[in-house]
Structures are given as structure tokens and as C-alpha cells.
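See below for the structure under consideration.
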Amino acid sequence: MKDEQLLNNIKDVYRRISHAAMKAGRSPDEIRLIAVTKNIESNIIKKAVEIGLREFGENRIQEAQRKISDFRFQISDSDVKWHFVGHLQKNKAKYAVDLFDLIHSVDSVELSQEINKQAEKNGKIQKILLQVKLSDEAAKHGIIKGKYIDLIRAVSSMKNLSIEGLMTIPPFFDSPEMTRPFFRELRKIRDESEGLGFRLPELSMGMTGDFEVAIEEGATMVRIGTAIFGERRK
Ligand SMILES: *Cc1c(COP(=O)(O)O)cnc(C)c1O
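This is how it looks when you write it as C-alpha cells:
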């Protein structure tokens, strides 16, 4: 990808974020852009850092290990943050704790126990989001609504975890408007949880196809790959 294309894409995404925020009466500063870099090589990610992006999302541990180590040695002075947005297997939890500032995809008590254990070993308070599954697609990960309250109660008692908020991935639709009820539902779950005394400032929702709708419904983090880096090679 040409440098100029990347710059234009990033500008365009920020413009769209600002527009959606203002349309919803929100400040654009309330929304963090997480650039999803799965399948994108480190040289391109470095260009995105030069342009000014600071937060990146990966969805596979092995790929992230390789890329993040490229940065540890070469961009030591910047405050680049990494987010884990993919499904996490328990046996990879220790690598996730090593590598990531925020894990977006915690969806079971067993997984949270393992992350807590690894974080304790590392002397780290691991920031996490709880991933909630709001559709009945068989393939999607996430805790179902009926089990969510038990999960948040259990995780709240784990000393080395800090729950920052909630994440969801709605089903794919051709029309972004169709995703609105899912984003609204996540926000409602957040608000109800806050009523019970849980503090959940972050809502990670919205991707290339639907981030403007997500922002209108309260997203504080949008996870965007394609609109920044172009179509991924399969
Ligand atoms: C790939 C991915 C994204 C980014 O998707 P785009 O449609 O390319 O913007 C966001 N979130 C998760 C969890 C992903 O796996």
C-alpha cells in the first residue's frame, strides 16, 4: 500500500469518527481508534505509527508475538498500545498477559481465572473487557446474556484483573443500520450493570462496516482494519 493511501485512509476514518460523534452530540475525543492489524505486516504498522496511530489490535497470539517484538526494539520511545481482540484460548493466556494492554475477549470464568493467575505471576493488573454475545449465531464467541451477571460477579473478585467495560461483535449485515439494536443492547447491559455498582466506562463496538452506528450508540473504542489498511489478503 502507498504511504499516501494509508494517510488518506486514516484521515478519512478520523473524519468519519468525528462526524458520527458530533451527530450523536458526543465529543470525538471520547472515541479511541484501535487499528486492527491482523494480516498486516510490521513495516505498514510502522508507517501508521509515524502518521500518528498509537493503538493496535491483533487477533492471533503467534502473529502478535512476532510483530510486537519488532516494535519493542525499534519504537522504544513511543507509547504504542496493543489490544487483543480475537478469541483467547486458556493455554495462550500467559502470552496475552505478556503482550497486551487490554484483552477485549474475556467470556468465561475459566479463562478469567487463568488470565488472573498469569497476571499475578507477572505482577500486573491486566485490563480486560467482557465479550458479550447478543445473537444466536453458533460460531460467535462471547458470554451469553443469561450468564453474564455471574461472570462479572466472579471476575470482580479477581485481584489481578480490572474490568474496563464490554465488547460485542454483531452478526454481519449488508446494511449497517441492522447492527444498531445489538450496540444499543450492549450499552443497556452496561448501564444496568452500573446500576448494580459495576463501573464499565468502555464499550468496544464497531468495525469498518458499522462503526458510525456504534459511535451513535455509545462506543468508546472502534476496532477498524479494512477502512485503514484495505482489504486483507485471505
Ligand atoms: C478483524 C477484526 C476487526 C476489524 O474488522 P474490519 O472489518 O476489517 O474493520 C475488528 N474486530 C475484530 C474482533 C476483528 O477480528
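Just so you know, we're using numbering that gives the first Met the number 0 here: the sequence shown kicks off at 0 and counts up by one. Cβ atoms here follow ideal geometry from the backbone N, Cα and C, with glycine treated the same way. All of these numbers come straight from a predicted model, not from anything done at the bench.
Leaving out five residues on either side along the sequence, give the residues of the same chain with a beta carbon under 6 Å from the beta carbon of residue i.
{"i": "Arg231", "result": "Asn38"}
{"i": "Ser75", "result": "A caution first: Ser75 carries a pLDDT of 48, below 50, which makes its placement in the model too unreliable to give a value."}
{"i": "Leu110", "result": "Lys89"}
{"i": "Asn121", "result": "Val96"}
{"i": "Met166", "result": "His103, Leu128, Gln130, Ser203"}
{"i": "Glu136", "result": "Pro170"}
{"i": "Met206", "result": "Arg222"}
Among the residues of its own chain, which have a CB less than 7 Å from the CB of residue i, if the five just before and after it don't count?
{"i": "Val12", "result": "Leu32, Ile223, Ala226, Ile227"}
{"i": "Glu215", "result": "Ala19, Lys22, Ala23"}
{"i": "Arg186", "result": "Leu202, Glu216, Gly217"}
{"i": "His86", "result": "Ser104, His140"}
{"i": "Gln4", "result": "none"}
{"i": "Gly229", "result": "Met0"}
{"i": "Lys17", "result": "Going by the sequence as given, residue 17 is Ser instead of Lys. So the list reads Pro27, once near-sequence residues are dropped."}
{"i": "Asp100", "result": "Lys80, Trp81, His82, Lys126"}
In chain order, what residues of the same chain lie with their CB nearer than 8 Å to the CB of residue i, ignoring the 5 residues before and after it?
{"i": "Arg53", "result": "Ser77, Asp78, Val79, Lys80"}
{"i": "Leu276", "result": "Nothing about residue 276 can be read from this structure; the chain reaches only from 0 to 233."}
Thinking C-beta only, is residue j closer than 9 Å to residue i?
{"i": "Ile188", "j": "Ser161", "result": "no"}
{"i": "Gly217", "j": "Thr178", "result": "no"}
{"i": "Gly141", "j": "Ser104", "result": "yes"}
{"i": "Ala213", "j": "Phe172", "result": "no"}
{"i": "Thr219", "j": "Glu193", "result": "no"}
{"i": "Gly56", "j": "Ala92", "result": "no"}
{"i": "Ile151", "j": "Gln125", "result": "no"}
{"i": "Asp2", "j": "Ser41", "result": "no"}
{"i": "Val84", "j": "Lys123", "result": "no"}
{"i": "Val221", "j": "Ile30", "result": "yes"}
So residue i and residue j are in contact, right, with Cβ under 8 Å, and what is the actual spacing, rounded?
{"i": "Tyr94", "j": "Gln64", "result": "6 Å"}
{"i": "Lys139", "j": "Lys132", "result": "5 Å"}
Please name the residue, chosen from the options, that lies closest to residue i on a Cα-to-Cα basis.
{"i": "Ser115", "options": "Arg183, Met157, His103", "result": "It should be noted that the sequence gives Asn, not Ser, for residue 115. Of the listed residues, the one whose Cα sits closest to Asn115 is Met157."}
{"i": "Ser26", "options": "Ala138, Asn90, Arg14", "result": "Arg14"}
{"i": "Pro175", "options": "Arg186, Met204, Arg152", "result": "Met204"}
{"i": "Lys89", "options": "Phe99, His82, Asp106, Leu101", "result": "Asp106"}
{"i": "Leu6", "options": "Asp100, Met206, Val48, Ile148", "result": "Val48"}
{"i": "Phe197", "options": "Glu29, Gly229, Val84, Asp149", "result": "Asp149"}
{"i": "Val108", "options": "Ser155, Glu29, Ile9", "result": "Ser155"}
{"i": "Phe210", "options": "Ile43, Val96, Gly51, Pro169", "result": "Pro169"}
{"i": "Gly51", "options": "Lys10, Thr36, Gln61", "result": "Lys10"}
{"i": "Lys144", "options": "Asp28, Glu184, Ile44", "result": "Glu184"}
{"i": "Ala118", "options": "Asn159, Leu98, Asp135", "result": "Asn159"}
{"i": "Gln112", "options": "Ile67, Lys66, Ala153", "result": "Ala153"}
{"i": "Ile43", "options": "Asp28, Ile67, Asn58", "result": "Ile67"}
{"i": "Leu98", "options": "Ser134, Asn58, Asn8", "result": "Asn58"}
{"i": "Pro180", "options": "Ser134, Asn8, Met206", "result": "Ser134"}
{"i": "Lys46", "options": "Glu62, His82, Asn8", "result": "Asn8"}
Compare the C-beta of residue i with all C-beta atoms of chain D and state if any pair is closer than 9 Å.
{"i": "Ala23", "result": "Absence of chain D from the displayed structure is noted, only one protein chain being present."}
Mind pulling the beta strand (DSSP E) runs of 3 or more residues that sit fully within the stretch 101–184? Taking only runs of at least 3 residues, the beta strand (DSSP E) segments lying wholly in the stretch 101–184 are 101–105, 125–132, 160–166.
Counting only runs of 3+ residues fully inside the stretch 21–104, write out the beta strand (DSSP E) ranges in chain order. 31–35, 54–57, 80–83
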